[in-house]
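Under the numbering used here, read the sequence shown as residues 311 to 783, first letter to last.
Idealized CB from N, CA, C, for every residue including glycine.
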Amino acid sequence: MRGARPAARMILAALAAAAAPLAAQPVPLSYAGTDSYVITEKSDWSRYEDGRYLGHVYREVRGRMEPESSLPDAVWKGDFLVFEETLRDSSAAARRVDDQVPAAFRMGADGSIRMILDNGFPGLRGFPAYPPGPVAPGDRWTAEGVRIVDPRNSGIPTRTRILVEYEYRGEEDYKGIPVRRIFAKFAVRYRAGQDPKGDPSLREAQGTHDADILVRADTGRPVVIRDRLDETFFFTSGPSLRHRGFTLIFYDAAVPRTADPASGALRTALAGGGGSAPAASADGAAQVPGPAPSGTSVPDPSGPPASGAPPAGSTASHGLAAGAPAFPGLLGAGTPALPPPETPALDPASGIALEDRPEGPTLVAFGLRFVPDQDALLPEERGRLDGIAAALKAVPGERTFLVTGHTADVGNPAGQKDLSIRRAKRVVDELVARGIPASRFLFRGFGAERPLAPNDNEANRARNRRVEITVLN
């Protein structure tokens, strides 16, 4: 036994010697991602004014970025949705979207970003930045970046330059994905005028950030960043503002546009039935005449009756015979790009169209009947709402639904926008009452800002009164 102990020690020493070089072997860190991705930024901060605690602030931003060219100088384009800032945790409630902001930038393999279209997003740029050569655990490097701040939500973003210190911490597993951990720290130091395009009322900003970063081992794309921050802002007038807390930034692979399973699920579910077609109402906010927007089909006033039966001698959509089975009145003719053999007969009297849009499959509900100038839905819409809810429940996964309200150009713009927001929220409430979790909904309203037709007659105004439901990634 005594002779075995030295042998065992020799084996253990050999194993340790073999493992040590593997654990400490330098690895390259660079960005090589080429797929679309979704970025979600969730902030949870304590807010102070002149040192007085006001409460917790919850803020969320979501964006989807699409590659327009490949590395080493890739161009990315997309849109960011900015949610209403709240003083309570509203994670279990439907969230209102305050703004949709386009962005475009070039990204290098080292993580550097050069903005092409700069509206304040993304909020951290050139972060994380990657070193020029391989690194081992404990190795450090520094790089410049940019942090965007708008503490008063003025709509005027201010760019603050930062110098970031990085340290590589090693490899690990995150939800089954091999990742590499990086620690980063930086300070914010800003004085008035350093950003000529920034908020002129921002006199000074100072603060600290400590961040844990996980990046994919294969592509270098960030997976999640946890940024612990403490920042104070001083203005030319008014109280100082301090934010202390953390921001979580998640990066997820986006569902491919050309193979989104939500589109097929919606089409199949709607083809199964549910709901009744809208009849014309006195204010024109029901059956929708006029040409369809590009790629869609909407009811024609000379078309089939509300029962869904096409006129004698006619054919249903996609060339199906008039006697072919058709679901009872939910979906318009949909996108013509889908192959006819796999497309069910669609009832053009429904007042609802399915569009495959860049941001996701979208149901367009024309002519939902509300009480004039109010957000209350008429009882006659219960059937259509039942069918829409059933279709959304058929969408696979925990996808998010963005409900957007639109009005005709009647009255003042502020009133139109408020009404469109309230009507979108009412539709959300109706769908939540039918069993879809409120946390899966976002809502917003554009008023009359995005018409489909000129507002020169009642028929066109009826087309512009609509609610859209988009299945986001």
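Answer yes or no: does any C-beta atom of chain E fall closer than 7 Å to that of D696? Among the chains of the structure shown, chain E does not appear; only one protein chain is present.
Select from G373, V392, E669, V525 the residue whose C-alpha is nearest the C-alpha of D570. Closest option to D570, judged by alpha-carbon separation, among G373, V392, E669, V525: E669.
Under 8 Å: do the region 419-439 and the region 766-778 share three or more Cβ pairs, one atom per stretch? no
So who's on the other strand from Y341, going by DSSP bridges? Answer is none; Y341 lacks a bridge partner.
Identify, in the order they occur along the chain, each residue of the same chain with its Cβ nearer than 7 Å to the Cβ of P506, setting aside the five sequence neighbours on each side. Hits under 7 Å: none found.
Simplified DSSP assignment, three categories, for R771: Here R771 sits in helix by DSSP.
Could you pull the start and end residues of the alpha helix (DSSP H) that Q410 belongs to? No alpha helix (DSSP H) holds Q410; the beta strand (DSSP E) holding it covers 405-418.
Buried or exposed by the 16-neighbour rule on C-beta atoms within 10 Å, applied to Q684: exposed
Cβ-Cβ separation, G661 to T714 (assumed contact under 8 Å), whole Å: Going by Cβ atoms, the distance from T714 to G661 rounds to 16 Å, so no, they are not a contact pair.
Checking the sheet assignment: what are the DSSP bridge partners for P532? V525
Around the C-beta of T717, are 16 or more other C-beta atoms found within 10 angstroms, so that it is buried, or is it exposed? So T717 ends up on the buried side.
Distance between T350 and P338 (C-alpha atoms, nearest Å): Distance between the alpha carbons of P338 and T350: 26 Å.
From the DSSP output, in three-state form, read off K387 for me. strand
Below 7 Å CB to CB, which residues in the same chain sit around S730 once its five sequence neighbours on both sides are set aside? G715, H716, T717, G755, F756, G757
For T578, which of helix, strand or coil comes out of DSSP? Reduced to three states, the DSSP call for T578 is helix.
Does the count of Cβ pairs from the region 365-380 and the region 465-476 closer than 8 Å reach three? no
If you follow the alpha helix (DSSP H) that E691 is in, where does it begin and where does it stop? That residue, E691, is in no alpha helix (DSSP H); it is neither H nor E in DSSP.
Please specify which runs of the beta strand (DSSP E), each continuous and at least 3 residues long, are wholly inside the region 548-572, giving them in chain order. 551-563
Residues in its own chain within less than 7 Å of G600 by CB, not counting five upstream and five downstream? Interpretation of G600 is limited by its pLDDT of 35, a score under 50 that renders its predicted location unreliable; no figure is taken from the coordinates.
Tell me, which residues are paired with K352 by DSSP? E370, L558
On the DSSP bridge assignment, give the partners of E481 in chain order. R490
Per-residue burial, A743 [other beta carbons within 10 Å of its own, 16 or more giving buried]: exposed
Nearest by alpha-carbon distance to R538: which of R513, A497, P532 is it? A497
C-alpha gap between L473 and R479, whole angstroms: Spanning the two alpha carbons is a distance of roughly 19 Å.
In terms of alpha-carbon separation, which member of Y561, D766, A404, R679 lies closest to G373? Closest by alpha carbon: Y561.
Among G418, V533, F543, the one whose alpha carbon lies nearest that of Q516: F543
How is G436 classed by DSSP in three states: helix, strand or coil? coil
First through last residue of the beta strand (DSSP E) which encompasses E778: First-last of the beta strand (DSSP E) with E778: 776-782.
Which residues in the same chain as L688 place their Cβ atom closer than 6 Å to its Cβ, once the five residues preceding and following it in sequence are excluded? R679
Rounded to whole angstroms, what's the CA-CA distance from P658 to A748? Just pull it up for me. Here the model assigns P658 a pLDDT of 47, short of 50, so the residue's position is not dependable, and the following value carries that caveat. Going by the C-alpha atoms only, they are around 30 Å apart.
Since I believe Y347 is in contact with R499 (beta carbons under 8 Å), could you give me their beta-carbon distance rounded to a whole number of angstroms? Actually they are not in contact, since the Cβ atoms of R499 and Y347 sit about 31 Å apart, beyond 8 Å.
Of the choices D408, G433, D483, R471, whose alpha-carbon is the least far from that of K274? Outside the displayed span of the chain (311 to 783) sits residue 274, for which this structure offers no information.
Based on the DSSP output, what are the partners of A497 in its beta bridges? T518
Cα-Cα separation between E475 and I535, rounded to whole angstroms: 15 Å
Would you tell me roughly how many angstroms separate the C-alpha atoms of R450 and H519, rounded to the nearest one? Cα to Cα, the separation comes out at about 17 Å.
So is A686 buried or exposed if we call it buried at 16+ other beta carbons inside 10 Å? exposed
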